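Asks: For what it's worth, the working numbering labels the leading residue of the sequence shown as 4, then goes sequentially. The beta-carbon is built from N, C-alpha and C at its ideal position, and this holds for glycine as well. Remember, predicted model here, so these are calculated numbers, not experimental data. Structure incoming, see below.
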Amino acid sequence: MLQENCKSMHRAIRLVPSEKILLETDSPYLTPPKEYLFKPAAEKNIKNDMGYLRNEPANIPLICKGAARLRGVNAEDLEIQTEKNFQKFIEN
Numbered sequence: 004m005l006q007e008n009c010k011s012m013h014r015a016i017r018l019v020p021s022e023k024i025l026l027e028t029d030s031p032y033l034t035p036p037k038e039y040l041f042k043p044a045a046e047k048n049i050k051n052d053m054g055y056l057r058n059e060p061a062n063i064p065l066i067c068k069g070a071a072r073l074r075g076v077n078a079e080d081l082e083i084q085t086e087k088n089f090q091k092f093i094e095n
């Protein structure tokens with residue numbers, strides 16, 4: 004979703020209402036750009052079964068920063084909002 008050529012995903016990230024947005028990693032597939040990879044895993048060069056760097060839940064904080072950049076909001080605010088949304092989601 005954070006790759007430069009994913010313009011339709013970027014638009015979707017911007018359009019989803021704040022009270023509905025959730026974040027995920029597509030783990031272990033669909034590796035985000037290197038700047039959104041958790042450094043210890045990227046440095047270990049851990050690969051998924053398709054030969055790409057493995058995606059993992061540890062990438063969520065960096066993905067949050069990327070999504071916040073696309074939405075034009077503060078990453079900490081988006082983190083708080085998505086955590087609230089997740090809690091609401093699992094409670095229902």
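1. Can you tell me the Cα-Cα spacing of A15 and I63, whole angstroms?
2. Is L56 helix, strand or coil when you go by DSSP?
3. If you measure between the beta carbons of L81 and C67, is that distance less than 9 angstroms?
4. Please report the straight-line C-alpha distance between T28 and L65, rounded to a whole angstrom.
5. Over the uninterrupted alpha helix (DSSP H) stretch that includes E94, give me the two end residues.
6. Kindly list the residues whose CB is nearer than 6 angstroms to the CB of S21, restricted to its own chain and excluding five residues on each side of it in sequence; keep chain order.
Replies: Quick answer:
1. 18 angstroms
2. strand
3. yes
4. 10 angstroms
5. 78 to 94
6. Q84
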